[in-house]
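Colleague: Letter by letter, the sequence shown follows residues 575 to 1065 of the numbering used here. Backbone N, C-alpha and C fix where the C-beta goes; we use that ideal spot for every residue, glycine too.
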Amino acid sequence: MAKNFTKREENYSQWYNDIVQRADLAENSSVRGCMVIKPYGYSIWENMRDVLDKMFKETGHSNAYFPLFIPKSFLSREAEHVEGFAKECAVVTHYRLKADPETHTVVVDPEAKLEEELIVRPTSETIIWDSYKNWIHSYRDLPLLINQWANVVRWEMRTRLFLRTAEFLWQEGHTAHATSQEAIEESERMMNVYADFVENYMAVPVIKGVKSPNERFAGAVETFCIEALMQDGKALQAGTSHFLGQNFAKAFDVKFLDKDNTLQYVWATSWGVSTRLIGALIMAHSDDNGLVLPPKLAPIQVVIVPIYKSPEQLAQISEAAGKIVAELKEKGISVKYDDDDSNRPGWKFNEYEFKGVPVRLVIGPRDLEEGTVEVTRRDTLEKSTMQIAGIAEKVNNLLDAIQKNLFTKALNYRSEMTTKADTWDEFCDILDNKGGFVLAHWDGTTETEVAIKEKTKATIRAIALDSVPEEGKCILTGKPSHKRVIFARSY
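Okay, structure coming up:
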């Protein structure tokens, strides 16, 4: 599997693409800019989805589903929102095809033009708030806490598997509240849910913060975010949660009678994460031997490979392996016993190593005699011997150790790649020669933020929630600044 595999230092972008395709995660489709998520990649997404879905429901949310198509007029109701997505929208103009007798091809029937064009959803605020006006009448109907698992389309011109595609899978939460304080608390709560998931399941440390006005979600009053750092020193937005104020409630006339029998507009939030998280998972942990997966999200946590010379040896090993498989499954561990004789053990070792399976157990005749197995952990490639007796508990502890090690390694890397800059020259030097997060002063204006981006391609990734006041001067303008913000080049 590792032959002709690009190394990270040689070409990070190609290294990433090699892993995605050769680990059977996804491939480009015949539709430009869209991807096919293959079974192994989709299994990772299913694991992510199942964990997040449980976390959402534990915080009081319910799932629903809304239409893929949005009337064009809906997008016009919230001016900032439509401006933010207008250049990415796919538009449906006709509803029927017909055969062309001259060319023997299928063509659009010009008689089947829609009275109003439909937008393939880039996000669902508008279509959902059109429904909410029929659902919300009184304070007793609030809060309304809804999540949707869906696909969306944003017509990207430059695409990369998982990170940026024209169509992608995601979840989007849309909630309605009686007060602004409740909505702000909801926005922060969901940001914390995302941070909990990314750190404790994906083993990727994140910075929690708010976006600058220029980087906010279109139509939001405030955008809360979690930012992660990839191994090439670039930032990746791992999740966002938006306080929408009353913008969409006013656009769609969603009011409720409060306890004083007064008609009020509701307060709104929206929040989402997508299959981009799989890209983050790959770039945060993987190495020059292929994919590295945190045990909590790995489709296969343990693989068992037999080594034998005769059918009799295989039968004995299979009997022992069957007992191990049963013990591990009873512990809730996902395990595969690979006794397929069409591939040699060495090929299997490379295959499962490249696909990031956290733990590999190898059993041969001598291991059976000694009551042991050979153990290889994917994160460090260290080999050891483990007694078969009580193996489920030992493997479970090893999986926990791998999960913690991946997080610690990523956290240490982020610490090493977080640097303060006090001058423009220092700022540019760090971006060009080191990368990572740069903590720098900014004068708070959109004009300066845009100018910095144009000069360096770096953006304000977050204004960290735990940042402390610090007097200084903006790196570009020299104007007063009261705290540092986090800059980085990003995906």
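1) Can you have a look at Lys661 and say buried or exposed, based on whether 16 or more other CB atoms are within 10 angstroms of its CB?
2) Assuming contact is defined by CB atoms lying nearer than 9 Å, are Val847 and Gln745 in contact in what I supplied?
3) Could you tell me if Gly896 is buried or exposed, where buried requires 16 or more neighbouring beta carbons within 10 angstroms of its beta carbon?
4) Could you spell out where the beta strand (DSSP E) holding Ser587 opens and where it closes?
5) Apart from the five residues on each side of it in sequence, which residues of its chain come closer than 8 Å, Cβ to Cβ, to Ser1041?
6) Give the DSSP-derived three-state secondary structure of Arg670 in the structure shown.
7) Give the C-beta separation of Leu865 and Phe928 to the nearest angstrom, bearing in mind that I take them to be a contact with Cβ-Cβ under 8 Å.
8) Please report how far the alpha carbon of Asn835 lies from the alpha carbon of Val772, in whole angstroms.
9) Please report the straight-line C-alpha distance between Ala792 and Ser604, rounded to a whole angstrom.
10) Measuring straight from C-alpha to C-alpha, what distance separates Thr860 and Val778?
11) Is Trp921 helix, strand or coil by DSSP?
12) Report the rounded CA-to-CA distance for Lys1031 versus Arg1063, giving the unit in angstroms.
13) Pull up the distance between the alpha-carbon of Leu737 and that of Thr677, whole angstroms please.
14) How should Gly1010 be labelled, buried or exposed, when 16 other C-beta atoms within 10 angstroms of its C-beta is the threshold for buried?
15) Applying the criterion that 16 or more other CB atoms from any shown protein chain within 10 Å of the CB defines a buried residue, is Ser761 buried or exposed?
16) Can Lys707 and Phe817 be called in contact, C-beta distance under 9 Å?
17) Helix, strand or coil: how does DSSP classify Met622 here?
18) Identify whether Trp1016 lies in helix, strand or coil by the three-state DSSP scheme.
19) Which value, in whole angstroms, describes the spacing of the CA atoms of Lys829 and Trp841?
20) Assuming Gln875 and Val909 make a contact with CB atoms under 8 Å, what is their CB distance in whole Å?
21) Are the segment 621 to 633 and the segment 658 to 675 in contact at 8 Å, needing three or more beta carbon pairs?
22) Could you check the C-alpha separation between Val680 and Ala673 for me, to the nearest Å?
23) Taking all protein chains shown into account, do 16 or more other C-beta atoms lie within 10 angstroms of the C-beta of Pro1054, making it buried, or fewer, making it exposed?
24) Between which two residues does the alpha helix (DSSP H) harbouring Lys646 extend?
25) Identify whether Leu642 lies in helix, strand or coil by the three-state DSSP scheme.
26) How big is the Cα-Cα spacing for Ile611 and Ala600?
27) Relative to the alpha-carbon of Thr633, which residue among Thr733, Val767 and Val969 has its alpha-carbon at the smallest distance?
28) Return the CA-CA distance between Thr849 and Gly813, expressed in angstroms with no decimal places.
29) Exposed or buried, which one is Trp703 when buried takes at least 16 other CB atoms within 10 Å?
30) Am I right that Cys608 and Ala740 are in contact with their C-beta atoms under 8 Å? What's the rounded C-beta distance?
31) Could you tell me how far apart the beta carbons of Thr580 and Asp592 are, in whole angstroms, since I believe they sit closer than 8 Å?
32) With a cut-off of 8 Å on the beta carbons, I'd call Asn821 and Glu657 a contact; round off their distance for me.
33) Where do the ends of the alpha helix (DSSP H) carrying Pro885 lie?
34) Assess contact between the segment 901 to 919 and the segment 944 to 960, defined as three or more Cβ pairs (one per stretch) separated by less than 8 Å. Is contact present?
35) Helix, strand or coil for Val656? Go by DSSP, reduced to three states.
36) Of the choices Ala995, Phe981, Ala750 and His751, whose alpha-carbon is the least far from that of Pro869?
Modeller: Judging by the given coordinates:
1) exposed
2) yes
3) exposed
4) Segment Tyr586 to Arg596 is the alpha helix (DSSP H) holding Ser587; no beta strand (DSSP E) there.
5) Gly783, Lys1057, Arg1058 and Val1059
6) coil
7) Contact holds; Cβ gap of about 6 Å.
8) Distance between the alpha carbons of Asn835 and Val772: 43 Å.
9) The alpha-carbon atoms of Ala792 and Ser604 are separated by roughly 31 Å.
10) Per the sequence shown, residue 860 should be read as Ser rather than Thr. Distance between the alpha carbons of Ser860 and Val778 is about 12 Å.
11) helix
12) About 6 Å.
13) 39 Å
14) buried
15) buried
16) no
17) helix
18) coil
19) 10 Å
20) 7 Å
21) Taking a cut-off of 8 Å on C-beta distances, the segment 621 to 633 does not touch the segment 658 to 675, as fewer than three cross pairs fall below it.
22) 5 Å
23) exposed
24) Lys646 to Leu649
25) coil
26) 4 Å
27) Val767
28) Put simply, the backbone Cα of Thr849 is about 11 Å away from that of Gly813.
29) buried
30) 5 Å
31) 5 Å
32) Rounded, the Cβ-Cβ distance is 13 Å, inconsistent with contact.
33) Pro885 to Glu904 is the extent of the alpha helix (DSSP H) around Pro885.
34) The segment 901 to 919, when compared against the segment 944 to 960, does not touch it at the 8 Å Cβ threshold.
35) helix
36) Phe981
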